[in-house]
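So the sequences go chain by chain: X, E, A and F.
Numbering-wise, our numbering puts 100 at position 100 of the first sequence, and it's gapless, one number per residue.
Residues are numbered in our numbering as their position in the second sequence, beginning at 1, plus a constant of 276.
Residues are numbered in our numbering as their position in the third sequence, beginning at 1, plus a constant of 552.
Residues are numbered in our numbering as their position in the fourth sequence, beginning at 1, plus a constant of 828.
Number of protein chains: 4
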Amino acid sequence: MKIEEGDEVLLYVDERRKYLIKVEKGKSFSTDKGTIKLDELIGLRYGSAIKLNQGEGYILKPSLIDLYRGGLRPSQVIYPKDIGYMILYSGIGPGSVILEAGTGSGYLTAALAHFVGETGKVYSYDMREDMQSKAEKNLKRLGLRERVELKLGDIREGVPENNVDAVFLDMPDPWNAIDAAKRSLKYSGSVLAFVPTIRQVELTYIAMDQSGFIDLRADHLLLTEIRVKQNATRPKNVGVLHTGYIVFGRKTEKKSLRESGEVEVQESIKGNGSMR
Amino acid sequence: MKIEEGDEVLLYVDERRKYLIKVEKGKSFSTDKGTIKLDELIGLRYGSAIKLNQGEGYILKPSLIDLYRGGLRPSQVIYPKDIGYMILYSGIGPGSVILEAGTGSGYLTAALAHFVGETGKVYSYDMREDMQSKAEKNLKRLGLRERVELKLGDIREGVPENNVDAVFLDMPDPWNAIDAAKRSLKYSGSVLAFVPTIRQVELTYIAMDQSGFIDLRADHLLLTEIRVKQNATRPKNVGVLHTGYIVFGRKTEKKSLRESGEVEVQESIKGNGSMR
Amino acid sequence: MKIEEGDEVLLYVDERRKYLIKVEKGKSFSTDKGTIKLDELIGLRYGSAIKLNQGEGYILKPSLIDLYRGGLRPSQVIYPKDIGYMILYSGIGPGSVILEAGTGSGYLTAALAHFVGETGKVYSYDMREDMQSKAEKNLKRLGLRERVELKLGDIREGVPENNVDAVFLDMPDPWNAIDAAKRSLKYSGSVLAFVPTIRQVELTYIAMDQSGFIDLRADHLLLTEIRVKQNATRPKNVGVLHTGYIVFGRKTEKKSLRESGEVEVQESIKGNGSMR
Amino acid sequence: MKIEEGDEVLLYVDERRKYLIKVEKGKSFSTDKGTIKLDELIGLRYGSAIKLNQGEGYILKPSLIDLYRGGLRPSQVIYPKDIGYMILYSGIGPGSVILEAGTGSGYLTAALAHFVGETGKVYSYDMREDMQSKAEKNLKRLGLRERVELKLGDIREGVPENNVDAVFLDMPDPWNAIDAAKRSLKYSGSVLAFVPTIRQVELTYIAMDQSGFIDLRADHLLLTEIRVKQNATRPKNVGVLHTGYIVFGRKTEKKSLRESGEVEVQESIKGNGSMR
């Protein structure tokens, strides 16, 4: 695969020097190890070595992980470890149709679009136009724009999409979107929410339970990087201890408490909006 | 989506009663909560409620996670948390071509086949014919058999596949397969190994480094399940503390120590074969 | 140090065979590796090897850790990792005077009594007479009975002890005992609570804050046992993920919200009693 | 308890402003919240509130934890969570006699001296005179100097102390001190080492095993601080993931491999000295 003008590439110099660069004619890119004329990258294959003033760099095709490193940080603290787990758990794959709220900077959106492939679709809602503009730009950079329908709006009020394979909720009060998620989901489809605090876990989990979702789970992942050195290997000393919790459920014919005529005891606590 | 004869379905009764069932005419399935005639499932949509002697069950379309639960346990201790992370990190997606060693019971193979879609391919090597027969059966159950080429053989001796997008090593001595992996990989592609002990992490990481792979990482994931209960939420008391480590690297034009004419200091320790 | 009649000793055969035994004349103790006549232990020094039918055993002087293993399990899930941390954080040492609630089976009580020494004192409250009888028996076994004053009563209603160095709360609703703890503490002394759920952490922490305690902390400890084997070392696969949280604060002249004339917003939620 | 001239006190302003101060006549101490004349502290009781230009501060009697915060950082990464656990596991208490190597800045030494009380003793070895001078100064500050005998020397060559209750090894190659530790320990006494890497764990554990120690353990502690906020409680996002491992064993009459006439397979690897 050759590098073309307009491509996003990853320049890897060493562990601390990784740069996401857009290949534009006539431009150059400088680091403390030397300067690269971007024209010279065009036509090279990915994986090529580039001579710098000091040492060598390598041009990689950026993966989702690199985009994360390179600035496409989500507005909230959802990390690759969480996204990989959510995608596996959700059951989605090539061809899946997904409903997402909110879009944010588009990082989770991009990951979902990547895995549904050209035959899939992601409907991504956000209430902020500025966020969606940013996400749109990011998705274009990644060549994933065609697979995503960006929609301005509030999922909590219900959305027209239905029969979707999975719903991803990356919003402060997912418990207020559970009923809407259920209406949009196909049977046997799954809903996943990502939230930073225990209170949000409780409210989301209980809302799923009361809405008739089954197979509920709430999970936390801790990633420890290992520093490898011959005969001196040990975990990294300092790092991320917490990003958030993943709450999961699946839709069946099971009725909600309301449909069953039972009282929803949580009504009062569900009123209080965003917590983040 | 309707249930058809021959489908694998998940019968969910409650958190402790989840059963993976193959729908065969004239058969029935019994639990302590009641018996289901499988004929009656045919034609139902997924997500349907089924009346049992005691309470209700629900018929779900099995996802990769359910297959894990339902008996398709890998020969080694690679868990969904690890697989999700490896797949995200590998950069693969619909259409990718993957080299895997070893096949084992086919669980990781199935996950890879799921995410590469109909347009992708997984070449999966194992030295044991009995394992591959088992894996073949599992892949057929999942409708993923067409996407996988099962091959008897030893990746450490080199394999004919080349230009693959990623190499997954789920074997006791991945350090002995790193050179072969490099030859088969396309530039900018990635290699990932899963190993249970720190010594294996060291040997694999160092072999990657000496073979010229860059952007090396070794990671550990800890999954904590949260027990949610209104005002009494807490982590689960007992669970899995360790499955294994994920070692990652990417291929570029960077030369190996041998190609650079440098001595490989690890030669002696690389000789000792399987450790598991 | 010689073993005497009436001593509690630890018979260590191997990792899975550790027995806490009271040395009584004329009795014997049997394991699947052989039988020991307890008379023969009298007069031996601690650390002695004992011949069994199969192999050898060793007689150790039990430490607090062994007592934990040997049956003196607390009524709640407070573990050695938590106790060591609490004792270090509390600032107590030889000669300290401590107020504890509740006594339970006396395990934390015993640890506190051990570290305050002969010149210190532990006042330990519990509302259940049967628990205190059990704790009394345990403390006698350990030779720590003299250092502990066991008292039947409810700390939440206030207790006569004052000027104590630290207060340890091992009870379901420590937030209801914070004001009493403050009255009993000397200035610069510390209060520590151990609770299993996040909601209890919140209520306890907020009660400490409103009562004027400073330097507040809430901590969680995860202990991972490492399985050591030459070149195959790894963390243990399955183990304890969660016991509880430690909440800490220190008393100064800082006024409580009530003393400052401010409204205590937590009043309503503080009413609901035990949660465990 | 009144504050006297020469005391070390802790000035607590808020979570980020904690200062360890020596009370000297005629001096003052300044923060961005205001200045304190130290003369005014003399005669106050601990826990007193001090008016600052902005808000209030509180004068606390420093505990071991505060000393850790206040500059008495160990040369190596041994943290309070590790020290509390080691002390509980070691079985020591008031009156114990302890052998320690190495002294370092004296932080672990101070904790040990605190818990053995006036009737106990800590023999602490270090090969560096400058470290011991620093430790001596720290111990004097804490009023613990009398309980500690600081000795220049190399424990690996054997030391004259014997019949000690516990040996604490905070040195790069504890495996080279295991035989010396065994000679100095009383029967049923325990040895504890703190090491940062897995290789050190292996070498230390194996040396203990070969030397005849029993009841071996290797443990790792992860401390997660909880950020408490009404209805928004969550773990702290970033923190310490790793300090080191604690390796533990107990002395009995069990013979070492050498005493049993067996070959010590580890001899070769035990030669390579410090790894840190």
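Just so it is clear, CB atoms sit at the ideal spot from N, CA and C, and this is done for glycine as well.
Keep in mind it's a predicted model, so treat the numbers as computed, not measured.
Under a Cβ-count criterion, where at least 16 other Cβ atoms within 10 Å of its own Cβ denotes burial, should residue i be classed as buried or exposed?
i	result
Ser648/A	buried
Gly380/E	buried
Asp566/A	exposed
Val1066/F	exposed
Glu405/E	exposed
Gln752/A	buried
Leu838/F	buried
Ser676/A	buried
Arg250/X	buried
Glu1030/F	buried
Lys121/X	buried
Asn53/X	exposed
Arg292/E	exposed
Gly93/X	buried
Leu152/X	exposed
Note down, in chain order, every chain A residue with its Cβ under 9 Å from the Cβ of residue i.
i	result
His1048/F	Leu774, Leu775, Thr776, Glu777, Ile778 and Pro787
Pro922/F	Gly645, Pro646, Gly647, His666, Phe667, Val668, Gly669, Glu670, Thr671 and Gly672
Thinking C-alpha only, which one of the options is nearest residue i?
i	options	result
Lys889/F	Ser642/A, Asp591/A, Lys613/A and Tyr631/A	Ser642/A
Leu737/A	Ser763/A, Thr756/A and Val747/A	Ser763/A
Gly699/A	Ser615/A, Val719/A, Ala784/A and Thr671/A	In the sequence as presented, Gly is not what sits at residue 699/A; that position holds Arg. Selected option, being the one with the closest Cα: Thr671/A.
Asp491/E	Gly465/E, Asn452/E and Gly331/E	Gly465/E
Tyr907/F	Glu884/F, Ile920/F and Gly934/F	Gly934/F
Ser536/E	Ser306/E, Asp485/E and Asn438/E	Asp485/E
Leu150/X	Leu99/X, Asn162/X, Val191/X and Ala181/X	Leu99/X
Tyr913/F	Asp678/A, Leu774/A and Tyr739/A	Leu774/A
Thr583/A	Val747/A, Thr804/A and Ile602/A	Ile602/A
Gln230/X	Leu428/E, Arg534/E, Leu320/E and Ile482/E	Ile482/E
Lys807/A	Lys830/F, Gly885/F, Glu868/F and Glu852/F	Gly885/F
Ile798/A	Phe581/A, Pro787/A, Pro748/A and Thr804/A	Pro748/A
Asn452/E	Glu300/E, Thr480/E, Asp315/E and Leu428/E	Thr480/E
Asp455/E	Pro370/E, Asp441/E and Arg534/E	Arg534/E
Arg769/A	Pro787/A, Met683/A, Val743/A and Leu721/A	Val743/A
If residue i sits next to residue j, beta carbons under 8 Å apart, how far is it from one beta carbon to the other, in whole angstroms?
i	j	result
Leu144/X	Ala110/X	6 Å
Thr1071/F	Asp894/F	So it is not a contact: roughly 19 Å between Cβ atoms.
Ile257/E	Ser324/E	No answer is possible for residue 257/E: it lies beyond the span of chain E, which begins at 277 and ends at 552.
Gly883/F	Lys861/F	6 Å
Ile750/A	Thr509/E	5 Å
Glu280/E	Ile318/E	7 Å
Pro726/A	Ala745/A	4 Å
Leu916/F	Leu616/A	6 Å
Asn990/F	Arg1011/F	7 Å
Which residues in chain X sit within 7 Å of residue i, going by Cβ to Cβ distance?
i	result
Ile750/A	Ile198
Ser464/E	Tyr46, Gly47, Leu60 and Lys61
Check the Cβ of residue i against every Cβ in chain F and list those closer than 7 Å, keeping chain order.
i	result
Glu754/A	Val1056, Gln1058 and Thr1061
Arg802/A	Leu888
What residues of chain F sit near residue i, judged by a beta carbon separation below 9 Å?
i	result
Gly239/X	Val1066, Gly1067, Val1068, Leu1069 and His1070
Along chain F, which residues have their Cβ under 8 Å away from the Cβ of residue i?
i	result
Glu805/A	Gly875, Ser876, Ala877 and Tyr886
List, in order along the chain, the chain E residues whose C-beta lies closer than 7 Å to that of residue i?
i	result
Asp215/X	Tyr288
Does the beta-carbon of residue i, which I'm using as the reference point, lie nearer than 7 Å to any heavy atom of the ligand SAH?
i	result
Tyr874/F	Among the components modelled here there is no ligand, and therefore nothing to report on the ligand SAH.
Given that residue i touches chain E, what residues does it touch there, using C-beta distances under 8 Å?
i	result
Ile65/X	Leu364, Tyr365 and Gly367
Tyr245/X	Ile502
| message | Check whether the segment 937-948 of chain F and the segment 1046-1061 of chain F are in contact - that is, three or more C-beta pairs closer than 8 Å. | response | no
| Hey, is the segment 981-998 of chain F in contact with the segment 963-970 of chain F, meaning 3+ C-beta pairs nearer than 8 Å? | no
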